[in-house]
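These notes concern the structure reproduced below.
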Amino acid sequence: MKNQILFVASECTPFVKTGGLADVVGSLPQVLNQTDQVEVRVILPLYQEVIRNWYEQLEWVASIFVPVGWRNQEADIFTLQHQGVVYYFIGNEYYFSRQGTYGYYDDGERFVFFSRAVIDALDHFDFNPTIIHGHDWQAGLALAFAKILKPQKQLQTVFTIHNIKYQGIMPVDAFDELFNISRDHIGGLEWNGLLNCMKAGIFHADKITTVSPTYAEEIKTPYYGEGLYPLLNEKEDQLVGIINGIDENEYDPMTDDYIVHNYKFSRAKKKENKIALQEKLGLPVDGNVPLYVMVTRMVEQKGLHLVQAILDEFLEKDVQFVLLGTGEYEFENFFYHAANRHKEKLVAYLGFDEGLARQLYAASDFFVMPSLFEPCGLSQLIALKYRSVPIVRETGGLKDTVTPYNKHEGTGNGFSFTNYNAHDLLHVLNYSFDLYHDKEQWHCLLKNINKSQFSWKDSAKEYVNLYETMNQSSLVSKY
1 MKNQILFVAS
11 ECTPFVKTGG
21 LADVVGSLPQ
31 VLNQTDQVEV
41 RVILPLYQEV
51 IRNWYEQLEW
61 VASIFVPVGW
71 RNQEADIFTL
81 QHQGVVYYFI
91 GNEYYFSRQG
101 TYGYYDDGER
111 FVFFSRAVID
121 ALDHFDFNPT
131 IIHGHDWQAG
141 LALAFAKILK
151 PQKQLQTVFT
161 IHNIKYQGIM
171 PVDAFDELFN
181 ISRDHIGGLE
191 WNGLLNCMKA
201 GIFHADKITT
211 VSPTYAEEIK
221 TPYYGEGLYP
231 LLNEKEDQLV
241 GIINGIDENE
251 YDPMTDDYIV
261 HNYKFSRAKK
271 KENKIALQEK
281 LGLPVDGNVP
291 LYVMVTRMVE
301 QKGLHLVQAI
311 LDEFLEKDVQ
321 FVLLGTGEYE
331 FENFFYHAAN
341 RHKEKLVAYL
351 GFDEGLARQL
361 YAASDFFVMP
371 SLFEPCGLSQ
381 LIALKYRSVP
391 IVRETGGLKD
401 TVTPYNKHEG
411 TGNGFSFTNY
421 NAHDLLHVLN
431 YSFDLYHDKE
441 QWHCLLKNIN
451 KSQFSWKDSA
461 KEYVNLYETM
471 NQSSLVSKY
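Numbering (the UniProt record's numbering), first residue to last: 1 to 479.
Rendered as structure tokens:
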């Protein structure tokens, strides 16, 4: 009999997406369900966006009442099947019929309701999960409610930390106002005098995963652990890092409808994509000039302070640089004015356009990602798939997926630097520029990139092993 797993998450492609979490929750269950060992289903909030785009495919399952403080809030449970995965949705007009997903004053209350509704809804499924697998802080309380309301040894919990920076903090008074459980359990939710949903997930998890082996080690330190590192050190025997993959059907330059010239390994086709992009963006058309790109959220985490410090100096070289992204005013303002200073070399597209993003991957020679921290990162994996050389800082999943090129041994699939330092970034950019013009070394590097593989299949095997280990321990405990 297959091990039955319920993913609990706040977003998932193709239904709703704000970041990489949605890509993981959208892709991983499909691959896991192709194995003989597990069946994964997913439960999500029923956002307005889901209703707008998927209403006709939703099937009603049940309506239940969920206690939230002194009120009983109705939860309407719906389901649909998509690409081999069964999805459930928790609907409530008051909490989720809003524009967007997060950023509301009552986000804490919304996900208290969602998490409690997930556990109360289990009795209405034709599915009996042995493992509840929660993703990030929005699902942390689901694990707490599972352990508190259904304390059965055969129902185990996994919690995946996608980004420990965002923790779901609430005033401690919210416990009495919202939770409807004994105060005996407040210790599993409280951290530094506040309620912390990320802490709740970590505390109540039988196993904790994060999205790369290096990030699993980093978050046990004060620098990366965002205050929760003592708890993670206490539970380090339950913590494992499993690198993310990418959906190779979704991100495939052979079939990508967004790009002008489809290809697999052809450098000539990549050059044609570069020329098409230069024409589109108004850059001087030259297929031989090295093209550096960034596709990024414009926030401090992405290393933009480093880029600010060295960009003018680097652009003195015969290069072109294109940035696509949106975010904080400081960075948007900087790149807006930098593009005006360097009209022949720099384009800053301040917004997001999926089609343009794919065209940048396909056209670029180098993909720049000098992150301050990066739990896993999908962009460098997509860049490798599109045969664009990643330039990264050695942190989190960037360190696990990009091996610095060694021209003496002919090994490595990108460029990297260790210290969060602007001149270290400039040094590696200059090195990449020099190597680009060394035909023999450039050919060797591209051959290495062609061998890089980061599909979900390898990651799925590690999750299956984790689930099977938990299932075996559950059977031992039961008897």
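Glycine included, every Cβ here is placed at the ideal spot set by N, Cα and C.
Residue(s) in a DSSP beta bridge with residue i
i, result
"Phe127", "None; Phe127 has no bridge partner."
"Tyr349", "Leu324"
"Lys439", "According to DSSP, which records beta bridges pairwise, Lys439 is partnered with nothing at all."
"Tyr215", "The partner list for Tyr215 (beta bridge, DSSP) is empty, contrary to what the question assumes."
"Leu239", "Ile208"
"Glu74", "Phe65"
"Tyr87", "Val42, Leu80"
"Thr157", "Ile132"
"Asn406", "Thr411"
"Val389", "Phe366"
Same chain, Cβ closer than 7 Å to residue i, five either side skipped, listed in chain order
i, result
"Tyr467", "Asn3, Ile5, Val38, Ile131"
"Ile119", "Ala142, Phe145, Ala146, Leu149, Lys150"
"Glu177", "Gly69"
"His185", "Ile148"
"Lys302", "Thr296, Ser371"
"Lys345", "Leu315, Val319, Gln320, Phe321"
"Glu462", "Ile242"
"Asn471", "Asn3, Thr130"
"Lys220", "Tyr229, Leu232, Asn233, Glu236"
Beta-carbon separation (whole angstroms), residue i vs residue j, contact threshold 8 Å
i, j, result
"Gly287", "Lys274", "6 Å"
"Thr403", "Phe373", "Actually they do not touch by this definition, with Cβ atoms about 19 Å apart."
"Leu378", "Ile246", "6 Å"
"Leu277", "Ala338", "That belief does not hold up - the Cβ atoms of Leu277 and Ala338 are roughly 19 Å apart, past 8 Å."
"Phe454", "Thr401", "6 Å"
"Asn244", "Val24", "6 Å"
"Leu425", "Phe417", "6 Å"
CA nearest to the CA of residue i, picked from the options
i, options, result
"Trp456", "Arg267, Leu155, Tyr251, Asn450", "Tyr251"
"Val392", "Arg116, Ser371, Gly227", "Ser371"
"Ala121", "His162, Val172, Val66", "Val66"
"Pro290", "Arg297, Gly303, Lys271, Gln301", "Lys271"
"Lys207", "Leu46, His135, Phe367", "His135"
"Pro253", "Gln238, Gly187, Gly355, Ser10", "Gly355"
"Phe179", "Tyr215, Phe111, Asn233", "Phe111"
"Asn192", "Gly227, Thr326, Ala9, Ala339", "Gly227"
"Leu311", "Gly84, Leu429, Tyr95", "Leu429"
"His437", "Asp318, Gln359, Ser266", "Asp318"
"Lys199", "Ser212, Leu350, Ile181, Ile161", "Ile161"
"Asn196", "Leu277, Leu281, Asp107", "Asp107"
"Glu93", "Phe113, Pro284, Lys439", "Phe113"
"Glu218", "Ser266, Thr18, Asn163", "Asn163"
"Arg98", "Gln152, Val16, Pro222, Arg71", "Val16"
"Trp54", "Phe331, Thr469, Val40, Gln81", "Gln81"
"Val211", "His204, Leu239, Gln441", "Leu239"
"Met294", "Ile449, Glu49, Gln380", "Gln380"
"Glu109", "Val158, Gln156, Ala139, Ala174", "Ala174"
"Ser452", "Ala460, Tyr431, Thr411", "Thr411"
"Tyr420", "Tyr386, His342, Asn72, Val307", "Val307"
Exposure of residue i, with buried meaning 16 or more beta-carbon neighbours within 10 Å
i, result
"Arg116", "buried"
"Lys478", "In this prediction, Lys478 has a pLDDT of 47, which is less than 50 and means its spatial position is unreliable; what the coordinates show is noted afterwards. The residue is exposed, with fewer than 16 neighbouring Cβ atoms inside 10 Å."
"Met298", "buried"
"Phe321", "buried"
"Ser27", "buried"
"Val368", "buried"
"Pro29", "buried"
"Gly187", "exposed"
"Val31", "buried"
"Asn413", "buried"
"Ser182", "exposed"
"Gln34", "exposed"
"Asn128", "exposed"
"Phe331", "buried"
"Tyr223", "exposed"
"Val285", "exposed"
"His204", "buried"
"Phe96", "buried"
"Asp256", "buried"
Residues near residue i by beta carbon distance below 8 Å, same chain, minus five either side
i, result
"Val476", "Interpretation of Val476 is limited by its pLDDT of 47, a score under 50 that renders its predicted location unreliable; no figure is taken from the coordinates."
"Glu328", "Met298, Val299, Glu300"
"Phe78", "Leu46, Leu58, Glu59, Trp60, Val61, Tyr88, Phe89, Gly91"
Residues near residue i in its chain [Cβ-Cβ closer than 6 Å; skip 5 each side]
i, result
"Asp76", "Ser63, Gly91"
"Phe335", "Leu323, Ala348"
"His261", "Lys269, Glu272, Asn273"
"Pro423", "With the sequence shown as reference, residue 423 is identified as His, and Pro is not the correct amino acid for it. Correct list: empty, nothing qualifies."
"Gly20", "Leu378"
Residue i Cβ short of 8 Å to the ligand PLP heavy atom set
i, result
"Leu231", "The ligand PLP is absent from the structure shown, which contains no ligand whatsoever."
Any chain C beta carbon closer than 9 Å to residue i
i, result
"Leu378", "In the displayed structure, chain C is absent; only one protein chain is listed."
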